[in-house]
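Numbering (this note's numbering), first residue to last: 18 to 342.
Even for Gly, the Cβ is constructed at its ideal location relative to N, Cα and C.
Just so it is clear, the structure is predicted and the values come from calculations on it, not from any experiment.
Before any comments, here is the structure.
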């Protein structure tokens, strides 16, 4: 079945509906060495990828700030009741800025490896990014910082049982830093991101800090956040191409939203479900230069802590190949 590895689930009986090619980039741009680049059309917003700067190629095997490229739609189940709790993708994110969209974007020229970017889209959505890439002798550095404001777009919506939708967050923050010692092939990468909201009313952030909810406990609500750390190693062990290894740990807290009840004001409210997701994994990527191909293998164990529940771990093991032409 030609399914996306992030959309299959354990009960898969047929291919997912939207197979085939989709629009990723369709834009016009004008570029000058002294004035920078102005882009118009479908493409990355300014903060896109700022949580994913990584100088080790094992990211292809899922070893980077987002740990659910393979298996995001698989569900955690309660070890006692076997009931579904949530999918990996519902409790984990790297909050990687704003994605591709129809927008206008401006990038400054590079100032010693430093580039500033801003972009604006429809529904008052806009963002900004800072990137830095430079080599200092045997050391390569890469840095990304991003801020996004989703405006009135359909981002970060919560839908209740009656079909009503609410926008829970408006601000997206993201960052990543990677350092590579070229002679040894050793690298380290750190990344983080989160969501917040200071301007809407019916949101998690604006609720009382301590309120009784339908899960039967009292929970202080916090904004979702995520961080990850990775150690990488790359070596030219064979004549066919570079071999890259990666070992990563990922953590996300308070991403999933539950519908609660405020008994003081006699009204439904939105609360963090109190989830704490973590995972660790190992990946290997072997380049085959003459065939413009990379073969990859990865394994990752996913864990979830959720109030009042006993989720089983999920172990994903996968392999594949990428051909560039």
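Query, Result
"Within the continuous alpha helix (DSSP H) that includes residue 108, where are the two ends?", "105–108"
"In the DSSP assignment, what residue or residues form a beta bridge with residue 155?", "Looking at the DSSP assignment, residue 155 forms no beta bridge with any residue, so it has no partner."
"What are the residues that DSSP puts in a beta bridge with residue 124?", "54 and 134"
"From residue 257 to residue 79, what does the alpha carbon distance come to, in whole angstroms?", "22 Å"
"Taking all protein chains shown into account, do 16 or more other C-beta atoms lie within 10 angstroms of the C-beta of residue 319, making it buried, or fewer, making it exposed?", "buried"
"Taking the continuous beta strand (DSSP E) assigned at residue 167, which residues delimit it?", "Counting along the chain, residue 167 falls outside any beta strand (DSSP E), and DSSP gives it neither H nor E."
"Tell me the rounded alpha-carbon separation between residue 81 and residue 265.", "7 Å"
"Among 140, 94 and 240, whose alpha-carbon lies nearest the alpha-carbon of residue 213?", "240"
"DSSP on residue 193, reduced to helix/strand/coil?", "strand"
"In this structure, what does DSSP give as the bridge partners for residue 268?", "244 and 295"
"Whole angstroms is fine: what's the gap from residue 64's alpha carbon to residue 49's?", "21 Å"
"Express the C-alpha separation of residue 116 and residue 169 in angstroms, rounding to a whole number.", "15 Å"
"Using the three-state DSSP reduction, which class does residue 66 fall into: helix, strand or coil?", "coil"
"Consult DSSP for residue 231 and reduce its assignment to one of helix, strand or coil.", "Because the pLDDT at residue 231 is just 43, under 50, the model does not fix this residue reliably, and the point stays unresolved."
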